[in-house]
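Student: Residue numbers for the sequence shown follow my numbering, beginning at 163 and rising by one. A virtual CB, placed ideally from N, CA and C, is assigned to each residue, including glycine. This one's a predicted model, so the numbers in the text were calculated from it and none came from an experiment.
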Amino acid sequence: MASHAIHSVFKGVAEYFTPVLQSSNFKEKGVLTPEEFVKAGDQLVFNCRTWKWAPGKEGLVKPYLPKDKQFLITRNVPSLKRATDYALSDAKETVVEDGNGDEGWVSTHNDQESKRKAQGKEKEEEYETIEIKDEVKATPSPAQPAPASNGTGPAPGGEAEEDEDEIPDMDDFEEDNIETDPNILLTNHIKEGETGSEGKTPGPASGGILRVTEPEDNIERTRTYDISITYDKYYRTPRIFLFGYDKTRQPLSTKQIMEDISADHAHKTVTVDPHPHLEVPHASIHPCKHAPVMLRICERMEEENIRKLIEKKTMELKKAGKKDIKPKDLEPTKEEAAKAAIKVEQYLFLFLKFISSVIPTIEYDYTF
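1) Quick one: is glycine 221 buried, meaning 16 or more other Cβ sit within 10 Å of its Cβ, or exposed?
2) Does the separation of the CB atoms of phenylalanine 233 and isoleucine 391 fall below 8 Å?
3) Report buried or exposed for glutamate 198, applying the criterion of at least 16 other Cβ atoms within 10 angstroms of its Cβ.
4) Take every Cβ of the segment 467 to 483, pair it with every Cβ of the segment 439 to 452, and state whether three or more of those distances are shorter than 8 Å.
5) Looking at C-alpha atoms only, which residue of Arg401, Ile487, Asp491, Ala245 is the closest neighbour of alanine 425?
6) To the nearest angstrom, report how far apart lysine 520 and cysteine 210 are at their CA atoms.
7) Pull up the distance between the alpha-carbon of arginine 398 and that of valine 434, whole angstroms please.
8) In the structure shown, what three-state DSSP assignment does leucine 234 receive?
9) Hey, quick one: how far does the beta strand (DSSP E) through arginine 401 stretch, first residue to last?
10) My assumption, with CB atoms under 8 Å, is that histidine 439 sits in contact with glycine 203. Please give the rounded CB distance.
11) So is leucine 242 buried or exposed if we call it buried at 16+ other beta carbons inside 10 Å?
12) Indicate whether the contact test is met: 3 or more Cβ pairs, each with one atom in the segment 459 to 474 and one in the segment 410 to 421, closer than 8 Å.
13) Across which residues does DSSP place isoleucine 391 in a beta bridge pair?
14) Checking 8 Å against the spacing of the C-beta atoms, do threonine 236 and isoleucine 389 come in under that value?
15) Please report the residue range of the beta strand (DSSP E) in which valine 432 lies.
16) Ends of the alpha helix (DSSP H) at proline 489?
17) Nearest to lysine 183 by alpha carbon, out of Tyr396, Pro494, Phe511?
18) Which same chain residues, not among the five before or five after aspartate 527, have their C-beta less than 6 Å away from its C-beta?
19) Out of Lys470, Gly406, Phe513, Pro489, state which residue places its alpha-carbon closest to the alpha-carbon of proline 449.
20) Comparing C-alpha positions only, which one of Glu421, Glu177, Leu206 sits nearest to glutamate 507?
21) Would you please state the rounded distance, in angstroms, between the beta carbons of leucine 457 and isoleucine 472? I believe it to be under 8 Å.
22) How would you call aspartate 422, buried or exposed, if buried means at least 16 neighbouring beta carbons within 10 angstroms?
23) On the DSSP bridge assignment, give the partners of arginine 385 in chain order.
24) Hey, out of Thr431, Glu190, Val175, Glu177, whose CA is closest to isoleucine 504's CA?
25) On the premise that tyrosine 393 lies in contact with isoleucine 524, defined as a C-beta separation below 8 Å, what is that separation, rounded to the nearest angstrom?
26) Suppose you measure from the CA of proline 522 to the CA of proline 413; what does that come to, to the nearest Å?
27) With DSSP as the reference, please indicate the residues paired to tryptophan 215 in a beta bridge.
28) Where does valine 239 land, buried or exposed, given buried means 16+ other C-beta within 10 angstroms?
29) If contacts are defined as beta-carbon pairs under 8 Å, then proline 494 and alanine 502 qualify, I think. What distance do you get, rounded to the angstrom?
30) Can you give me the start and stop residues for the beta strand (DSSP E) that alanine 445 sits inside?
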């Protein structure tokens, strides 16, 4: 705790003297300028309506950001499970950033998507076993009402058919023919709070009905979090702040919040610090490794986009009948390369995917 306090003081002083980043280093270092942060935030708000811009408190406004766009926030994000509820030993991991000691970063819980796909495949196989018969018997038409009998014998035309085999015509019914059960009392005969002659609520035995009330609330109560994204001037990256509530909307303690943090990050990269725009203590994910990790994620996504582009061009050339395909034929044009490149507007979407490895129990994926 003492070392964290010393680092916080040092960072505060260093941030004060750190100049605002003016030129874009998004492609080279994975960092953002304040203008790029706002641009990425605008895209997040546009695509995901649960995210909003917030101005923060007066006196805490950062001059390098618009007054009405100081930070991003989404509220009441559910957290149904604790981090210990996940079978971490069975969870698959993907190395995103290699490094020595604590320098690397891995993405956990990657088996969740494969499990969902496997379940979907099982459903498809189950559906495929359904047999549809070629012949479907036509439903017999309702029998015509037989002429009235004089009571001396069966109706003309043969033996009388059983009533249960006939489908009655609703047009033959009239309101006058409908019989009412005296033991049933319609609800509109009972006024709110009305009781019987003996001071009891009417029931079936007294010619009334039994009232059944629904529960007042069918909503499942769970932990929720307010998640905010700020711009860190010192590290020049976004930074996540968390404020949690229990089932009764009471603030979570630090110990309770750490229950929702991955064991690899709790009390290490996640600490409690004052929110830079609200001054209220929040759990915060330290941004010291954000830039190199985001740079690597963007590079890998661009590589994947280029690979798919080359595959597409190869198939098109083969389809056109070209046999001798050279590497030069597969080189992307400037327009194609620009289309495959990761845009700064995509930054926060990728950033939130990266953060999900730190807070796997907070289900904010529904927000985008």
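Tutor: In short, the structure shows the following:
1) Taking the first residue of the sequence shown as position 1, residue 221 is located at position 59. By the Cβ neighbour-count rule, glycine 221 is exposed, with fewer than 16 other Cβ atoms within 10 Å of its own.
2) Taking the first residue of the sequence shown as position 1, residue 233 is located at position 71. Taking the first residue of the sequence shown as position 1, residue 391 is located at position 229. Contact: yes.
3) Counting from one through the sequence shown, the residue named residue 198 turns up at place 36. Buried.
4) Between the segment 467 to 483 and the segment 439 to 452, the count of C-beta pairs closer than 8 Å stays below three; the two stretches do not touch.
5) Counting from 1 along the sequence shown, the entry for residue 425 is found at position 263. Nearest of Arg401, Ile487, Asp491, Ala245 to alanine 425, Cα basis: Ala245.
6) Here residue 520 is taken as the residue at index 358 of the sequence shown, counted from 1. Here residue 210 is taken as the residue at index 48 of the sequence shown, counted from 1. Sequence check: residue 520 is valine here, not lysine. Distance from the CA of valine 520 to the CA of cysteine 210, rounded to the nearest whole angstrom, comes to 21 Å.
7) Here residue 398 is taken as the residue at index 236 of the sequence shown, counted from 1. Here residue 434 is taken as the residue at index 272 of the sequence shown, counted from 1. Taking the straight line joining both Cα atoms gives about 20 Å.
8) Within the sequence shown, numbered from 1, the residue matching residue 234 stands at position 72. Leucine 234 falls in the strand class under three-state DSSP.
9) Taking the sequence shown and counting its residues from 1, one reaches residue 401 at position 239. That run of the beta strand (DSSP E) goes 399 to 407.
10) Within the sequence shown, numbered from 1, the residue matching residue 439 stands at position 277. Within the sequence shown, numbered from 1, the residue matching residue 203 stands at position 41. Not a contact, Cβ separation roughly 14 Å.
11) Along the sequence shown, read from residue 1 onward, the residue named residue 242 stands at position 80. By the neighbour-count criterion, in which a residue is buried when 16 or more other Cβ atoms sit within 10 angstroms of its Cβ, leucine 242 is exposed.
12) Cβ pair count under 8 Å is below three, so no.
13) Residue numbering aside, residue 391 sits at position 229 when the sequence shown is read from its first letter. Leu234, Ile402, per the DSSP bridge assignment.
14) Here the question's residue 236 lines up with position 74 in the sequence shown. Here the question's residue 389 lines up with position 227 in the sequence shown. Against a cut-off of 8 Å, the Cβ pair of isoleucine 389 and threonine 236 comes out as a contact.
15) As a first step, residue 432 must be located in the sequence shown, where it is residue number 270. 432 to 436 is the span of the beta strand (DSSP E), which, as asked, contains valine 432.
16) As a first step, residue 489 must be located in the sequence shown, where it is residue number 327. That run of the alpha helix (DSSP H) goes 489 to 492.
17) Taking the first residue of the sequence shown as 1, we reach residue 183 at position 21. According to the sequence shown, residue 183 is leucine rather than lysine. The shortest CA-to-CA distance from leucine 183 to any of Tyr396, Pro494, Phe511 is the one to Tyr396.
18) Position 365 of the sequence shown, counting from 1, holds the residue named residue 527. Excluding residues up to 5 positions away in sequence, nothing lies with its Cβ nearer than 6 Å to the Cβ of aspartate 527 in the same chain.
19) As a working mapping, residue 449 is identified with position 287 in the sequence shown. For the residues Lys470, Gly406, Phe513, Pro489, the minimum Cα distance to proline 449 belongs to Phe513.
20) Taking the first residue of the sequence shown as 1, we reach residue 507 at position 345. Measuring from the Cα of glutamate 507, the nearest candidate turns out to be Leu206.
21) Taking the sequence shown and counting its residues from 1, one reaches residue 457 at position 295. Taking the sequence shown and counting its residues from 1, one reaches residue 472 at position 310. Leucine 457 to isoleucine 472, Cβ: 23 Å. No contact.
22) Along the sequence shown, one-based indexing puts residue 422 at 260. Per the 10 Å Cβ criterion, buried.
23) Here residue 385 is taken as the residue at index 223 of the sequence shown, counted from 1. BP columns for arginine 385 point to Ser241.
24) Looking up residue 504 in the sequence shown gives position 342. Minimum Cα distance to isoleucine 504 is reached at Glu190.
25) Taking the first residue of the sequence shown as 1, we reach residue 524 at position 362. Taking the first residue of the sequence shown as 1, we reach residue 393 at position 231. Not a contact, Cβ separation roughly 21 Å.
26) Your numbering for residue 522 matches position 360 in the sequence shown. Your numbering for residue 413 matches position 251 in the sequence shown. Computed Cα separation, rounded: 20 Å.
27) For this step, residue 215 is matched to residue 53 along the sequence shown. Answer is Leu234.
28) In the sequence shown, the residue the question calls residue 239 occupies position 77. When all chains shown are included, valine 239 counts as buried.
29) Position 332 of the sequence shown, counted from the first residue, corresponds to residue 494. Position 340 of the sequence shown, counted from the first residue, corresponds to residue 502. Contact between proline 494 and alanine 502 holds: their C-beta atoms lie close to 7 Å from each other, under 8 Å.
30) Taking the first residue of the sequence shown as position 1, residue 445 is located at position 283. If you look at alanine 445, you'll find it in the beta strand (DSSP E) that goes 443 to 447.
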